[in-house]
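As you go down the protein sequences, you meet chains A and B in turn.
So that you can map any letter, position 147 of the first sequence is 151 in this note's numbering, and since no number is skipped, the others follow by simple counting.
So that you can map any letter, position 28 of the second sequence is 32 in this note's numbering, and since no number is skipped, the others follow by simple counting.
We treat Cβ as the ideally placed atom computed from N, Cα and C, and that holds for glycine.
In this text the structure is predicted, and so the values were computed from the model without any measurement.
There are 2 protein chains.
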Amino acid sequence: MTTLDDGYADRNSVETTLTASRALLGVVARSVSTALDSVTLPQFRVLIVLSSSGPMRMGLLAERMHAVASTFSRSIDRMVHGGWVERIDSPDSRREVIIRLTSLGRALVDEVTERRRHEIAEILSRMSQDERTVLQGALVSFSEAAGEASAEELLVLGL
Amino acid sequence: MTTLDDGYADRNSVETTLTASRALLGVVARSVSTALDSVTLPQFRVLIVLSSSGPMRMGLLAERMHAVASTFSRSIDRMVHGGWVERIDSPDSRREVIIRLTSLGRALVDEVTERRRHEIAEILSRMSQDERTVLQGALVSFSEAAGEASAEELLVLGL
DNA sequence: TGCAACAATTGCAAAGATGCAACTCATTGT
DNA sequence: ACAATGAGTTGCATCTTTGCAATTGTTGCA
């Protein structure tokens with residue numbers, strides 16, 4: 005991509021970008037908020053991690069969540085009780101426990117991402133083809149300039 | 005704005021938009037995460053509302069937060085104790101209590117928004133002037149197509 | 001004036017998140 | 001075989017969020 009880096013962002017373009025980006029954040033917020041009727045935000049974060057990284061050993065998952073193992077064990081108790089995840093034996097070692105999404109848990113995550121996609125598609129459909137094309141190009145360059153947002157960071161807000 | 009509505013969004017542009025939203029979320033998450041060392045997310049949301057709407061009567065604020073008044077009163081207790089907000093007498097009625105940000109509370113919010121602006125500026129600075137201009141226009145048309153994201157919704161994410 | 005409506009707080013209570021220390025098994029290495 | 005280490009769980013404790021019911025003042029109105 006061409007990055008001429010021919011300037012710095014003036015105050016105004018920052019404000020404009022920030023303001024305009026609120027719409028996009030609104031989409032995300034709406035999609036997540038429905039899930040929060042079912043699980044808490046910390047719990048939803050767990051679902052997100054399991055969804056994107058697959059089944060995982062207890063300790064590893066706790067570490068990813070920046071939680072103390074004991075704390076986390078009981079959080080998982082609650083989530084198991086809620087039917088969102090399940091504990092299964094590890095094929096590697098009998099002292100390890102693997103946490104896996106149940107179909108219910110997966111459905112909840114899917115519902116959120118699906119809602120998000122759907123809503124974005126809806127908004128895009130209200131734009132002209134030209135506008136979409138321009139937007140797409142602009143967002144690509146923005147994403148590239150921004151770099152990868154680490155999964156770790158996104159987790160703070162539940163994706 | 006011209007909305008020809010001459011098509012539907014293809015899968016690809018949806019994905020691109022989704023990716024960009026993650027980059028944006030990364031910015032938001034990073035900016036907020038430091039504040040979360042000081043206050044909880046629900047508490048930070050209170051600070052956000054006070055920051056954007058100014059001092060507010062107890063009951064009104066509780067309503068905005070979708071909290072029951074009694075619940076909220078105690079949340080405010082903790083925040084007062086933490087030094088983030090203060091209760092002041094209402095000039096209108098002696099039975100009303102106004103909640104106002106302390107300078108500490110305001111500083112916390114400012115710090116977050118400042119960090120966010122800074123980071124956006126940084127990203128924009130890695131783009132060419134042309135790209136920035138195009139991005140702004142594109143985001144504006146996206147915002148228009150999306151409609152207002154209610155402050156209510158954005159609050160889920162802490163702005 | 002006196003009562004009903006209003007604003008906020010307090011009493012009580014349940015559920016989650018979180019942390020430290022102790023404990024139970026399983027595994028590894030000597 | 002046994003001690004040391006590793007993985008999870010349980011005991012115990014605290015703090016925050018959240019809700020319902022009852023209480024204390026205030027205000028408005030008949």
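- Threonine 137/B sits exposed, since fewer than 16 C-beta atoms from the chains shown fall within 10 Å of its C-beta.
- The segment 105-114 of chain A makes no contact with the segment 73-81 of chain A; the number of CB pairs closer than 8 Å stays below 3.
- At a cut-off of 9 Å between beta-carbon atoms, leucine 112/B makes no contact with chain A.
- With contacts defined by Cβ atoms closer than 9 Å, arginine 34/A and glutamate 157/B form a contacting pair.
- At a cut-off of 4 residues, the continuous stretches assigned as alpha helix (DSSP H) that sit fully inside the segment 29-112 of chain A are 45-57, 62-68 and 73-86.
- Taking a C-beta distance under 9 Å as the contact criterion, alanine 150/B and leucine 139/A do not qualify as a contact pair.
- Contact check for methionine 60/A against leucine 54/A passes: the beta carbons are separated by less than 9 Å.
- Within the segment 136-153 of chain A, those residues whose Cβ lies closer than 9 Å to any Cβ of chain B are, in chain order, Arg136, Thr137, Val138, Leu139, Gln140, Gly141, Ala142, Leu143, Val144, Ser145, Phe146, Ser147, Glu148, Ala149, Ala150, Gly151, Glu152 and Ala153.
- In the DSSP assignment, glutamate 152/A falls outside any alpha helix (DSSP H), carrying neither H nor E.
- Straight across, the Cα-Cα distance linking serine 129/B with glutamate 123/B is about 10 Å.
- Straight across, the Cα-Cα distance linking serine 107/B with tryptophan 88/B is about 8 Å.
- Residues of the segment 20-43 of chain B whose Cβ lies closer than 8 Å to any Cβ of chain A, in chain order: Thr20, Thr21, Leu22, Thr23, Ala24, Ser25, Arg26, Ala27, Leu28, Leu29, Gly30, Val31, Val32, Ala33, Arg34, Val36, Ser37 and Leu40.
- At a cut-off of 9 Å between beta-carbon atoms, isoleucine 52/B makes no contact with chain A.
- Contact annotation: leucine 65/B and phenylalanine 48/B have beta-carbon atoms that are not nearer than 9 Å.
- Here phenylalanine 146/B is actually not in contact with isoleucine 103/A; their C-beta atoms are around 38 Å apart, not less than 8 Å.
- The contact set of serine 57/B on chain A, defined by CB atoms closer than 8 Å, is empty, because the minimum CB distance reaches about 16 Å.
- For aspartate 114/B, the secondary structure class from DSSP, reduced to helix, strand or coil, is helix.
- Interface flag for methionine 131/A against chain B is set, since a Cβ pair is found closer than 9 Å.
- Below the 9 Å Cβ cutoff, chain A contributes Ile124, Ala125, Leu128, Arg136, Thr137, Leu139, Gln140 and Leu143 as neighbours of serine 17/B, in chain order.
- For aspartate 14/A, the three-state secondary structure derived from DSSP is coil.
- Below the 7 Å Cβ cutoff, chain B contributes Val18 and Leu22 as neighbours of arginine 121/A, in chain order.
- Shown here for valine 43/A: same chain residues with a beta carbon closer than 8 Å to its own, the five before and five after excluded, namely Leu51, Met83, Gly86, Trp88 and Leu112 in chain order.
- Using a Cβ-Cβ cut-off of 8 Å, glutamate 157/B is close to Gly30, Ala33, Arg34 and Ser37 of chain A, given in chain order.
- The beta-carbon distance between valine 31/A and serine 94/B, rounded to whole angstroms, is 38 Å. This is too long to meet the 8 Å contact definition.
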